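Residue numbering for the sequence shown follows UniProt numbering, starting at 1 and increasing by one per position.
The structure appears right after this line, and notes come after that.
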Amino acid sequence: MVTNVTSLLKTVKAVEDEHARGTRALESTIEAIAQEIRTLNSSENIKNNTTLDDLIRCTKNITTSTAKSVAAANSCKQHDIIAAANMGRKSISDMLLICKAVRWNYAKTEDMKERIIKAGQDIAINYRELLQVILQITTKSSECKHLLLPVSRKISQNVTELIAVTEILKGNKWVDPDDLAVIAENELLGAAASIDAASKKLANLRPRKNIQETKEELNFDEIILEAAKSIAAATSALIKAASAAQRELISSGIVSRTPLMSSDDGQWSEGLISAARMVAAATHSLVESANTLVQGLSSEEKLISSAKQVASSTAQLLVACKVKADLDSESTKRLQAAGNAVKRATDNLVRAAQQAIQHEEERSLILNRRIVGGIAQEINARSEVLRIEKELEEARGRLTAIRQAKYRNRGDASDLDIDIDQNNDDTFSHCEIKFDALPSNCFNLQFCDSKSSEEFPNLSENMNHIKNFNENLISPEKVNVTQNTLEKKKKAEICAPIFLENSCDL
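This is the structure we're talking about:
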């Protein structure tokens, strides 16, 4: 019996201690806040590295702590009360320290110093009053719950006042570094500066010196470099026009000055940031391709690919800006003009590179006049065509796999549409082929259905011709043997009449 009574008393004491934990936490926090208020006007513990951004951020913590305290008062759970008390104690302490630092480092007049201190002091006093109400609710009765709303409303008003004072201290030139609109503008300006640096690097490039020219021939390296410089200048103007359009959208109220990440304006700003980065990256890739080309380390095809990537990135940036922009505004017109300039410059570069490729092929082509040698040369050329076509097919397969992987990472499992450029007698015809999902270890192109062969009869006919040609292809070794045999027969035919004539003379 004695043992049971002792156990019961221990249980009751443990329950009382558990119930008193929340009360003790509230009392300790109330006393700590009172102590912080008393030392607010002192010059001790002043942080010199405090900024106005820190003051804005601490107001968010005050709002969160107030909401948690009200929720803890409604639930009356001990762990909620303890967590709210600890969080409120830290938030108020940090806020008062920052207010003290801002007063000494940023406030220039006595009026501003007094307003900063008073705003922080009012928040601390009202928050302390809120904790006292919660203490009454937990220790006496729940009749005091009606006091939670007016006290929390006063805290909200004090926080608004503190933010207003901070805005006055910041002035008109201050911007929030976490604002998506500011980030987008900075990215656009950074991309413009990056492209300008790439343009300076491009201006220092010189054509290859080992090109042998006649008076009638053109130096295609100089044409390509000039076209690349035009692209860099056009993309720089495009980025600056996009930045001006973005500022105009914010000033006109079409886009919020402080958009949330999940809002439409926030997503638009993110898209604008991504598009600006892509334009800058594509321009740098173009400069590197031009650099390696004039050094003889790369080909014109790589430069063409880089130029097309610049055009694609430019189109994405234009679309991102036009989503929110007024199509009749001056900034949008300048943006469209800059985009058209980029497109013209890329077209000129692609055309110059293609002409350089064609000119190089024409200059290096030497025909073999002999019958057997001509056949061997034609066979070798066809073999080269087959090899390049196979590499082209594999490259298209790799491109398809890369694009499918990018869409798969975005969570898009739909089929992928890509454009295939076919070169027919120096003209380009564009057709769109839809690919089904391919396994990761396969790069073979597959048509979506049976209609594809009807829609692309030339492509099917060419593929069948390639297969038949592969079966009937003569190896280079056999060609050499045949060539040697025919040359021996030809020599024998030439020598035979001479031998007969000498025999008759004898």
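Ideal Cβ placement from N, Cα and C applies to all residues, glycine included.
Treat the numbers as computed from the prediction; the structure is a model and nothing was measured.
- The three-state reading of DSSP puts L40 in coil, since its state is none of H, G, I, E or B.
- Here the stretch 58-65 lies against the stretch 86-103, with 3 or more beta-carbon pairs under 8 Å apart.
- A straight-line Cα-Cα distance of about 12 Å links A341 and A315.
- Spatial neighbours of I82 in its own chain (CB-CB distance under 7 Å, excluding positions within 5 residues in sequence) are listed in chain order as R21, G22 and A25.
- Per the coordinates, the alpha-carbon of N49 lies some 46 Å from the alpha-carbon of A405.
- Within the same chain, Cβ atoms closer than 7 Å to the Cβ of G339 are found at L238, T314 and L318, the five residues on either side in sequence being excluded.
- By the criterion of at least three beta-carbon pairs nearer than 8 Å, the stretch 107-121 is not in contact with the stretch 70-80.
- Just so you know, the alpha carbons of H79 and N86 end up roughly 11 Å apart.
- Straight-line measurement puts the Cα of V385 at about 12 Å from the Cα of Q377.
- Within the model, the alpha-carbon separation for K390 versus T400 is close to 15 Å.
- The three-state reading of DSSP puts D111 in helix, counting H, G and I together.
- Distance from the CA of I98 to the CA of R38, rounded to the nearest whole angstrom, comes to 15 Å.
- Within a 10 Å sphere around the beta-carbon of S289 sit 16 or more other beta-carbons, which makes this residue buried.
- Only exposed fits T160, as fewer than 16 other CB atoms lie within 10 angstroms of its CB.
- Taking 8 Å as the cut-off, the beta carbon of A241 is found no closer than this to the beta carbon of L130.
- For S243, the closest alpha carbon among the candidates A345, S331, I125 and I231 is that of S331.
- Ranked by how close their Cα comes to the Cα of E143, the residues V133, V151, K229 and S152 have V133 in first place.
- DSSP places Y127 in the helix class (H, G or I) of the three-state scheme.
- The three-state reading of DSSP puts I62 in helix, counting H, G and I together.
- For S299, the closest alpha carbon among the candidates V310, N409 and L286 is that of L286.
- The three-state reading of DSSP puts K302 in helix, counting H, G and I together.
- Going by beta carbons, I116 and V165 fall inside the 8 Å limit.
- Your pair L169 and L52 checks out as a contact, with CB atoms roughly 6 Å apart and the cut at 8 Å.
- Going by DSSP, S91 is part of the alpha helix (DSSP H) stretching over Q78 to N105.
- A228 has its alpha-carbon roughly 41 Å from the corresponding atom of I375.
- For K154, the enclosing alpha helix (DSSP H) covers residues L148 to K170.
- For K47, the three-state secondary structure derived from DSSP is coil.
- Around the beta carbon of E394, a 10 Å sphere encloses fewer than 16 other beta carbons of the protein chains shown; the residue is thus reported as exposed.
- Here L327 is exposed: its Cβ has fewer than 16 other Cβ atoms, across all protein chains shown, within 10 Å.
- Note that the C-beta distance between K145 and I155 is not below 8 Å.
- Per DSSP, reduced to three states, the secondary structure at V70 is helical.
- For the 8 Å CB-CB criterion, T292 and T235 do not form a contact.
- Using a 10 angstroms sphere on the CB of E36, the tally of other CB atoms reaches 16 or more, which defines it as buried.
- Only residues of its own chain outside the window of five on either side were considered, and among them K113, I116 and I117 have a CB closer than 7 Å to the CB of R103, listed in chain order.
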